[in-house]
Amino acid sequence: MTQHATEAGGRQIYIVTVIGVALGMAFGFAAIFISTNGVFIPAVVRDFHWGRAQAAESYAASMLGLAIVSPLVGTLMDRFGVRRVVLASAFVFALALACMGLQDGHPVWWIVLSLVIGMSGAATSVLGYLAILPQWFDRRLGLAIGLAMVGLGIGTIVMPALSQFLITGIGWRGAYQVLAGMSLMGALMAFALTKEKKGGSTTSREHARDMNVDDASPHAGTKLLRIAVIFLSAFLASTAVLSLGPHLPALLIDRGISAHDAARSASLVGFGILIGRLASGILVDRVHAPIVACLFFAAGATGFVLLKQFDSYPSALCASVLVGLAVGAEGDLLSYMVRSYIGLKRFGLFYGIAFSGYAFGAVLGPIAVGRYFDLRHNYGLPLQAAPFLLLASGVLLLSLGSYVKPGTRVGGALKHAAVD
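In terms of this note's numbering, the sequence shown opens at residue 13 and continues consecutively.
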């Protein structure tokens with residue numbers, strides 16, 4: 013009876029941890045600020061008499077801030093623990109977000125505050141919350157990440173609509189302040205639900221030393237090479253799949269699709285992201301992770317090919333879903349790749365480095381596509397380049413070779429497994 017109760021309590025910890033991580037990401041930087049950024053632009057443009065490009069600079073500035081501090085945030089998580097860093101960051105993020113509603117129309121302060129939001133919001137994104145899961149999960153780490161990322165997917169669907177409702181009711185300034193309060197509330201609930209495994213990283217290292225795998229196996233030079241490959245792969249993939257996000261509705265309208273149908277098609281990218289996150293999480297526990305990445309990158313490449321030559325609305329819908337699959341899978345697989353190829357020792361630092369590659373791509377891609385359109389008045393070259401970037405990203409991941417799957421037996425011993 014006691015044994016069953018202990019097992020039930022143990023499983024409950026895993027479930028609650030995943031729920032807490034999902035909840036934190038649903039109220040974190042990506043859902044609260046990035047996904048709602050475009051909703052605020054019309055109201056900000058109207059109040060400050062700016063151009064749309066000027067108002068949209070907050071997106072690029074915030075992503076740049078996130079990219080710059082990601083390795084530092086990872087180091088702090090290794091030193092002080094993930095939950096403490098996430099909670100401290102959440103307070104600064106909420107304060108900075110509330111201050112967005114106090115803007116007086118000065119472009120410099122608009123960009124500076126957006127930069128602060130990105131820097132403080134880094135730990136409230138997948139960078140912070142997903143760093144908790146490898147402490148608890150081994151054999152089902154992919155599934156745990158996939159389920160937790162569904163929380164982020166739901167947040168990115170709900171928050172834009174909620175933001176529009178708030179802007180209509182209380183104005184964009186009040187909307188930012190309400191969202192700031194919600195983000196802090198979500199972070200506090202996530203802090204209460206999540207726990208870090210006592211001695212989790214140390215335990216994993218001890219297992220690794222006994223079996224000559226995981227953290228004991230890669231030398232420092234090998235780790236540096238692997239993280240460089242993962243960084244570059246993440247940069248190329250995010251440059252490709254995130255480059256057209258802000259431009260997709262305009263691209264579809266230019267091709268003769270109505271504004272309503274273009275918005276509907278663009279929203280299906282979010283549906284594809286949800287499916288990509290969950291499906292890649294399930295697959296990666298059973299199939300070699302770089303192969304899973306290549307499958308979803310191939311889907312994204314097919315989507316870009318369709319976007320370049322589609323001749324009907326259903327084709328545009330299909331293309332949007334395919335691109336979304338690649339976006340969702342990339343975000344899911346990054347944490348798993350670092351865990352599998354680098355290990356848990358200094359996980360935060362290495363994950364932060366890899367995530368900064370993803371963030372830099374998210375900054376460069378949309379800006380480069382926007383500049384190209386301003387010069388050429390079409391999206392031809394970006395649509396042609398994206399599949400090749402995804403191909404290169406997949407080849408880089410395949411070059412990493414094999415890894416010992418968590419939860420498998422090595423030399424007669426069971427590699428550290430948190431849950432069967």
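Ideal placement from N, C-alpha and C gives every residue a C-beta, glycine not left out.
Predicted model, so just to flag it, every value in this text is computed and none were measured.
Residue 415 sits in coil when the DSSP states are folded into three classes, being neither helix nor strand. Taking residue 132 as reference, the option from 88, 150, 171 and 145 with the minimal CA-CA separation is 88. In the three-state scheme derived from DSSP, where H, G and I count as helix and E and B as strand, residue 206 is classed as coil. Taking a contact to require three or more Cβ pairs closer than 8 Å, the segment 374–392 and the segment 70–84 qualify as touching. Spanning the alpha carbons of residue 193 and residue 116 requires a straight line of approximately 21 Å. In summary, residue 323 is exposed, with fewer than 16 beta-carbon neighbours lying within 10 Å of its beta-carbon over all protein chains present.
Taken through DSSP and simplified to helix, strand or coil, residue 258 comes out as coil. Spanning the alpha carbons of residue 45 and residue 239 requires a straight line of approximately 28 Å. Our two residues, residue 142 and residue 97, have alpha carbons roughly 13 Å apart in a direct line. Excluding the 5 residues flanking it on each side, residue 412 has same chain C-beta neighbours closer than 7 Å at 238, 241, 302 and 353, in chain order.
Residue 198 has its alpha-carbon roughly 10 Å from the corresponding atom of residue 99. Contact between the segment 269–289 and the segment 379–387 is absent: fewer than 3 CB-CB pairs across the two stretches fall below 8 Å. Residue 148 carries a coil assignment under DSSP once its states are collapsed to helix, strand and coil. Residue 393 counts as exposed, since fewer than 16 other beta carbons sit within 10 angstroms of its beta carbon. If you ignore the 5 residues before and after residue 201, its C-beta comes within less than 7 Å of the C-beta of 35, all in its own chain and listed in chain order. The beta carbon of residue 135 is closer than 6 Å to those of 85, 97, 98 and 101 in its chain, skipping five residues each way along the sequence. In this structure residue 53 touches residue 67 by the C-beta definition: roughly 5 Å separates them, less than 8 Å. Two segments are said to touch when three or more pairs of C-beta atoms, one from each, lie closer than 8 Å; by this definition the segment 179–196 does not touch the segment 306–313.
Taking C-alpha positions only, residue 93 is separated from residue 361 by approximately 12 Å. Pairing residue 155 with residue 293, the inter-Cα distance amounts to about 4 Å. For residue 321, the uninterrupted alpha helix (DSSP H) segment begins and ends at 301–321.
Taking a contact to require three or more Cβ pairs closer than 8 Å, the segment 283–297 and the segment 337–348 qualify as touching.
One alpha carbon belongs to residue 178, the other to residue 113, and they sit about 13 Å apart. Judged by DSSP in its simplified three-state form, residue 72 adopts helix.
Going by beta carbons, residue 286 and residue 162 fall inside the 8 Å limit. The beta carbon of residue 308 sits closer than 7 Å to the beta carbons of 288, 292, 337, 338 and 341 from its chain, once the five residues preceding and following it are set aside; these are given in chain order.
Between residue 267 and residue 391, the alpha-carbon positions lie close to 11 Å from each other. In this structure, the beta-carbon distance from residue 145 to residue 33 falls below 8 Å. If you look at residue 234, you'll find it in the alpha helix (DSSP H) that goes 232–253. Under the three-state reduction of DSSP output, residue 129 falls in the helix class.
Residue 284 is positioned such that its CB atom lies closer than 8 Å to that of residue 332. Taking a C-beta distance under 8 Å as the contact criterion, residue 95 and residue 203 qualify as a contact pair.
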